[in-house]
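Take a look at the structure set out below.
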């Protein structure tokens, strides 16, 4: 006990200890910041890709027979079906909506609800993006909720003549 | 008790011995203009001036390199914006080139734009079918000025830059059967 007290009171090498603590603090901060920006970038990228899918699903499911008469209608079942086709074919997600880069798991989409209405033609996707940190000491799943919506109210004739 | 006879350091004997080891021009015999160099008064001031000059030079170098990164970020932003317009329009047409030229004016960059890996559903109008992908590549050569001598042209390094972004058409084209 006395030896320990003496060691604590000894002021030799306290600068070295201070530098070690400072370096540890700076490294931890750098890791947390870099990880935050990586996840932020991943979230934005995923959101952008999902938004594109929702937009294109609405565009594909628009009913031109109504549009010709000046009404805006959508086939909501087709829109949902097209959205899932986009997830599998274009985003490269598997049956459980996992995104893999090679053999490495990147994220998983958890779809909470899909609201599709024929009139007005609107498709809303609400869900969560589940991912993990690349650093082992930052354990646990990170859940990033999102709500993405697309509305098409264009009533002029589309497509090629 | 008899006190011993002490000899001081600047006694004649010691001076004669030191002079013998000083060579032709002893320390005290430097030419008059250089004698000031031996004066240590204000040496920390000179030290500070040199350190400040070094820091300013380093900062100037870092700032001039920042320009390269800014140019790359601008090029990336241009490409991203053009790709987004092409995605929404579903064709490589006037609106895409309009945005491209406007961004060129805004940023002051003049990159070359090429559309690659694209399958047009209507080649004549350069239409891209819904969910078909395309890649827009922008290349630019950034001139980094090393020196700007007054008597000749500036010495520059040309840094090639290339940004490629893939987009996907969001427009459904109903084509005639």
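Residue numbers (this note's numbering), protein chains in the order written: chain A, 14 to 174; chain B, 82 to 258.
Note that beta-carbon positions come from the ideal geometry of N, C-alpha and C, so glycine has one too.
Note that the structure is a prediction, hence the values are computed from the model and not measured.
Span separating the alpha-carbon of residue i from that of residue j
i, j, result
"residue 141/A", "residue 155/A", "10 Å"
"residue 98/A", "residue 224/B", "46 Å"
"residue 117/A", "residue 61/A", "21 Å"
"residue 124/B", "residue 148/A", "51 Å"
"residue 18/A", "residue 27/A", "15 Å"
"residue 127/A", "residue 253/B", "22 Å"
"residue 67/A", "residue 173/B", "22 Å"
"residue 136/A", "residue 44/A", "38 Å"
"residue 108/A", "residue 94/A", "14 Å"
"residue 162/B", "residue 132/B", "45 Å"
"residue 29/A", "residue 38/A", "14 Å"
Same chain, Cβ closer than 8 Å to residue i, neighbours up to 5 away in sequence not counted
i, result
"residue 120/A", "55, 59, 111, 112, 142, 143 and 144"
"residue 248/B", "164, 165, 167, 168, 214, 215, 216 and 217"
"residue 79/A", "85 and 86"
"residue 185/B", "159, 191 and 192"
"residue 96/A", "66, 67, 70, 127, 136 and 138"
Buried or exposed by the 16-neighbour rule on C-beta atoms within 10 Å, applied to residue i
i, result
"residue 158/A", "exposed"
"residue 183/B", "exposed"
"residue 74/A", "buried"
"residue 92/A", "buried"
"residue 142/B", "exposed"
"residue 105/A", "exposed"
"residue 63/A", "buried"
"residue 165/A", "buried"
"residue 122/A", "buried"
"residue 152/B", "buried"
Identified DSSP bridge partners for residue i
i, result
"residue 239/B", "224/B"
"residue 158/A", "141/A"
"residue 112/A", "106/A and 120/A"
"residue 126/A", "139/A"
"residue 203/B", "208/B"
"residue 140/B", "Answer is none; residue 140/B lacks a bridge partner."
"residue 83/A", "According to DSSP, which records beta bridges pairwise, residue 83/A is partnered with nothing at all."
"residue 163/A", "136/A"
"residue 172/B", "208/B"
"residue 151/B", "DSSP lists no partner for residue 151/B."
Contact set between residue i and chain D, taken where Cβ atoms lie within less than 7 Å
i, result
"residue 73/A", "Looking at the structure shown, chain D is missing, and the protein chains on hand are A and B."
Residues near residue i by beta carbon distance below 7 Å, same chain, minus five either side
i, result
"residue 156/B", "190, 192, 219, 221, 242 and 244"
Same chain, Cβ closer than 6 Å to residue i, neighbours up to 5 away in sequence not counted
i, result
"residue 199/B", "215"
"residue 227/B", "236"
Distance cut-off 8 Å: residue i Cβ against heavy atoms of the ligand MN
i, result
"residue 249/B", "The ligand MN is not among the ligands present in this structure, which contains no ligands whatsoever."
*For the stretch 211–240 of chain B, enumerate the residues whose C-beta is nearer than 7 Å to any C-beta of chain A, in chain order.*
211 and 212
*Name the residues in the stretch 242–256 of chain B whose C-beta lies less than 7 Å from a C-beta of chain A; which are they?*
249, 251, 252, 253, 254, 255 and 256
*Below 8 Å between beta carbons is the criterion; list the residues of the stretch 56–67 of chain A that meet it against any residue of chain B, in chain order.*
65
_Residues of the stretch 101–115 of chain A with Cβ closer than 7 Å to any Cβ of chain B, in chain order_ = 103
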